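Q: Sharing a structure, written as structure tokens. Questions coming.
Residue numbers (UniProt numbering): 1 to 82.
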């Protein structure tokens, strides 16, 4: 399951550089996560770095992009090979 950033985001700039997959970018009003690049840090860290560092806890799992750990690992491997 990919993560998403809610409209509670304060644009603090902490999450973007923490993402090992470059899945986070500035959207029209606040940061957004590209679900095609988000692996919840599987393959890099034990827990999602963006959610861990977020000072306002606005990065939940995205129910629109449900993926199990194996699928996230496959995505990680595909992104690493690119």
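C-beta: ideal position from N, C-alpha, C; glycine also. Computed from a predicted structure; not experimentally measured.
#1: Do residue 5 and residue 41 have their beta-carbon atoms positioned less than 9 Å apart in this structure?
#2: What are the residues that DSSP puts in a beta bridge with residue 61?
#3: Would you check if the distance between the CB atom of residue 1 and the CB atom of residue 43 is smaller than 9 Å?
#4: So, is residue 21 buried or exposed, given that buried needs 16 or more other C-beta atoms within 10 angstroms?
#5: Pull the bridge partners of residue 32 from the DSSP assignment, please.
#6: Would you call the region 16-30 and the region 62-73 in contact, with 3 or more CB pairs under 8 Å?
#7: Can you list, in chain order, the residues of its chain whose CB lies under 7 Å from that of residue 37, leaving out five sequence neighbours each side?
A: Checking against the coordinates, here is how it stands:
#1: no
#2: 3
#3: No, these two residues do not count as a Cβ contact at 9 Å.
#4: buried
#5: 25
#6: no
#7: 21, 22, 23 and 79
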